[in-house]
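In our numbering, the protein residues as written are 103 to 289.
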């Protein structure tokens, strides 16, 4: 619930006013001529320093500046790319976002990965247990909003190994020589 998070800017003065005028970054805001300035549906273009000029017969009184920071919902503009790698190789996943992402959380098969909280996720030596579907959440805690990436499927192939090495020997002329080195799936 964001109620109470954003309040209209206001200022109070005693005396008889002759004019109020709000400014953003020192530029007059057309039509903003009351003690309260309300911005409906804040946009990034509304970000800036706001002041209120209060003009009377005694001169102009200018309020202190109030900085308004408009947070932009994060969106993922470069999705993570899956991989087909072997046990022991390096897994590198990453995303790029636009907006104000102040946190990331990588997931493997919809479960959060402990400590995987940046725009990139790297595993220096993958195991078969790290195969699956990866996604990442890019979020903004202030506005309580987030974006979920597309799936990145990672296949982790077992490294083949020899179950037996070929054995050499001495053979006579004309004999049949048979060598073998069976391969099995390793870890």
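Positions of the beta carbon are idealized from the N, C-alpha and C atoms, including for glycine.
These numbers were taken from a predicted model, which means no experiment stands behind them.
- Within the DSSP bridge table, the entry for residue 162 names 157 as partners.
- Rounded to the nearest angstrom, the gap between the Cα atoms of residue 225 and residue 232 is 9 Å.
- Listed in chain order, the alpha helix (DSSP H) elements of length 4 or more contained wholly in the region 169-215 amount to none.
- Between residue 195 and residue 182, the beta carbon gap of about 5 Å places them in contact (Cβ cut-off 8 Å).
- Secondary structure of residue 147 (DSSP, three-state): helix.
- Between the alpha carbons of residue 148 and residue 256 lies a gap of roughly 42 Å.
- Bridge partners of residue 121 according to DSSP: 157.
- The distance from the Cβ of residue 245 to that of residue 200 is about 15 Å, inconsistent with a contact at the 8 Å cut-off.
- When beta bridges are read from the DSSP output, residue 243 appears opposite no residue.
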